[in-house]
Amino acid sequence: MIPRSFEYFAPRTLDEAVSLLQKLGPEAKILSGGQSMIPMMKLRLAAPPYIIDINHIPGLNYISELDGHLRIGALARESDLEVAPAVTSRYPILVDTTSVIADPLVRNQATVCGNLAHGDPANDHPATMLALGASLIAVGPTGEREIPVESFFTGLFTTALQPDEILKEIRVPVPSPSSGGAYLKLERKVGDYATAGVAVQINMNGGGVCKRAGIGLTNVGLSPLQAKKAEAFLAGKTLDQSTIKQAAELAAGEAQPIDDIRGSADYKRDLVRVLTARALNRAFERAKGGA
Ligand SMILES: Cc1cc2nc3c(=O)[nH]c(=O)nc-3n(C[C@H](O)[C@H](O)[C@H](O)COP(=O)(O)OP(=O)(O)OC[C@H]3O[C@@H](n4cnc5c(N)ncnc54)[C@H](O)[C@@H]3O)c2cc1C
Numbered sequence: 036m037i038p039r040s041f042e043y044f045a046p047r048t049l050d051e052a053v054s055l056l057q058k059l060g061p062e063a064k065i066l067s068g069g070q071s072m073i074p075m076m077k078l079r080l081a082a083p084p085y086i087i088d089i090n091h092i093p094g095l096n097y098i099s100e101l102d103g104h105l106r107i108g109a110l111a112r113e114s115d116l117e118v119a120p121a122v123t124s125r126y127p128i129l130v131d132t133t134s135v136i137a138d139p140l141v142r143n144q145a146t147v148c149g150n151l152a153h154g155d156p157a158n159d160h161p162a163t164m165l166a167l168g169a170s171l172i173a174v175g176p177t178g179e180r181e182i183p184v185e186s187f188f189t190g191l192f193t194t195a196l197q198p199d200e201i202l203k204e205i206r207v208p209v210p211s212p213s214s215g216g217a218y219l220k221l222e223r224k225v226g227d228y229a230t231a232g233v234a235v236q237i238n239m240n241g242g243g244v245c246k247r248a249g250i251g252l253t254n255v256g257l258s259p260l261q262a263k264k265a266e267a268f269l270a271g272k273t274l275d276q277s278t279i280k281q282a283a284e285l286a287a288g289e290a291q292p293i294d295d296i297r298g299s300a301d302y303k304r305d306l307v308r309v310l311t312a313r314a315l316n317r318a319f320e321r322a323k324g325g326a
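Per my numbering, the sequence shown starts with residue 36, numbered consecutively.
Here it is, written out as structure tokens:
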């Protein structure tokens, strides 16, 4: 289908983009990778009268470590994440995540920030960012503010971003030594959204005790979920198979899936249990230096 007509703006600075958002009001929409926005417009699920395309703003396509954080700029694409040396060497969970998103054509355009800003519980990065304890930098009329990812996803396709704010950057804390992460997703076929997905990031002490665990869940609720009970249970525990099994059961209990074309709620809850156990084992191997 052909989208409804709209007015197109191509600002050259973030300030200009924010001013446009202020002037045009909440019906104006930011366009970054366009890989969610354009399909929704073509299906007429969205018909924004104003599109503000931020792709012409220089300096937003970066992925680099600075001052204790990996920083992912608003125009960094999924395909950039897959090959960024800082990412491939130290953040295997991000490589796990981006490589199961859609297909290479989509990943060449889709941005990591757009994946979060869209607020879709089926998207894969939200769970991973929850596990990593990321924070998000929004820029609006009064300047920048930092939003912890835990309070970013406020409901189905809604986020803590105000209508006149742009997600400028994602900040992921640089992992401490003896930490590891993994993202696992079951999809019906390559390129599909998750039937369920689980992201795990653990920080261990030298003796095999878990200091911190982050666990995020994909597509088993109205918004991306954090398995807080499982996280709390793991803190201070030795990661043996009995502990991992109990944590996986807790995470499954925290999922809020519904029956749909991808499976029954019971099936998805059990999937969360299985994927959490596997992701914890893989994250633990990586924390010990494995691949
Ligand atoms: C065939 C197909 C399969 C897909 N499969 C998957 C999948 O398996 N897993 C997955 O995670 N995703 C999947 N996606 C979605 C894809 O990753 C999207 O690109 C992503 O969700 C949105 O990123 P974008 O840069 O394309 O954003 P856009 O489509 O440009 O924007 C999406 C929304 O976010 C807002 N927005 C975007 N950037 C910003 C910003 N910087 N600040 C404020 N608001 C912003 C827009 O206004 C819009 O409302 C798929 C897409 C397609 C077309």
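For glycine and all other residues, C-beta sits at the position ideal for the given N, C-alpha and C.
Selection from the options that minimises the alpha carbon distance to residue i
i, options, result
"Arg329", "Tyr218, Arg308, Asp305", "Not covered by the structure: residue 329. The range shown for the chain is 36 to 326."
"Gly178", "Gln197, Phe192, Leu167", "Gln197"
"Arg39", "Ser258, Lys77, Val135", "Lys77"
"Ser67", "Lys203, Gly324, Ile98", "Lys203"
"Ser211", "Tyr126, Arg297, Ala282", "Tyr126"
"Asn90", "Arg106, Arg112, Met36", "Arg112"
"Val244", "Phe319, Ala231, Tyr85, Ile87", "Phe319"
"Leu269", "Ile293, Arg247, Gly216, Glu181", "Arg247"
"Met164", "Leu55, Leu285, Leu260", "Leu260"
"Leu95", "Pro83, Phe41, Asp115, Gly215", "Asp115"
"Glu51", "Met36, Asp88, Gly69", "Asp88"
"Asp329", "Ser124, Thr253, Ala137", "This structure leaves residue 329 out entirely; the chain is present only between 36 and 326."
"Ile182", "Leu191, Glu266, Ala169", "Ala169"
"Ile86", "Tyr43, Glu185, Leu315", "Tyr43"
"His153", "Thr189, Ser124, Leu129", "Thr189"
"Ser213", "Gly241, Thr133, Asp295", "Gly241"
"Ala322", "Ile128, Glu200, Thr311", "Ile128"
Where residue i falls, given that 16 or more other Cβ within 10 Å makes a residue buried
i, result
"Asp102", "exposed"
"Ser71", "buried"
"Arg304", "buried"
"Gln276", "exposed"
"Gly149", "buried"
"Thr273", "exposed"
"Lys220", "buried"
"Arg142", "buried"
"Ile279", "buried"
"Gly271", "exposed"
Residue range of the unbroken beta strand (DSSP E) whose run includes residue i
i, result
"Ile92", "Here Ile92 belongs to no beta strand (DSSP E), and DSSP marks it neither H nor E."
"Asn238", "229-239"
"Tyr97", "Per DSSP, Tyr97 belongs to no beta strand (DSSP E) and is neither H nor E."
"His104", "104-108"
"Ser170", "170-175"
"Ser214", "214-222"
Distance, residue j Cα to residue i Cα
i, j, result
"Gln291", "Asp301", "10 Å"
"Asp131", "Leu59", "38 Å"
"Leu151", "Thr193", "10 Å"
"Arg47", "Ile65", "13 Å"
"Val147", "Ala195", "17 Å"
"Pro74", "Met36", "9 Å"
"Glu222", "Ala229", "5 Å"
"Arg308", "Asn238", "21 Å"
"Pro176", "Ala121", "32 Å"
"Ala314", "Arg180", "32 Å"
"Glu266", "Ala282", "8 Å"
"Gln236", "Phe41", "42 Å"
Boundaries (first-last residue) of the alpha helix (DSSP H) holding residue i
i, result
"Phe268", "263-269"
"Thr28", "Residue coverage of the chain in this structure runs from 36 to 326, which leaves residue 28 outside it and unanswerable."
Ligand 1: which residues have Cβ under 5 Å from any of its heavy atoms, chain order?
Lys64, Ile65, Leu66, Ser67, Gly68, Gly69, Gln70, Ser71, Met72, Ala109, Ile136, Ala137, Val141, Ala145, Thr146, Cys148, Gly149, Asn150, Ala152, His153, Asn158, Asp159, Ile201, Leu202, Tyr228
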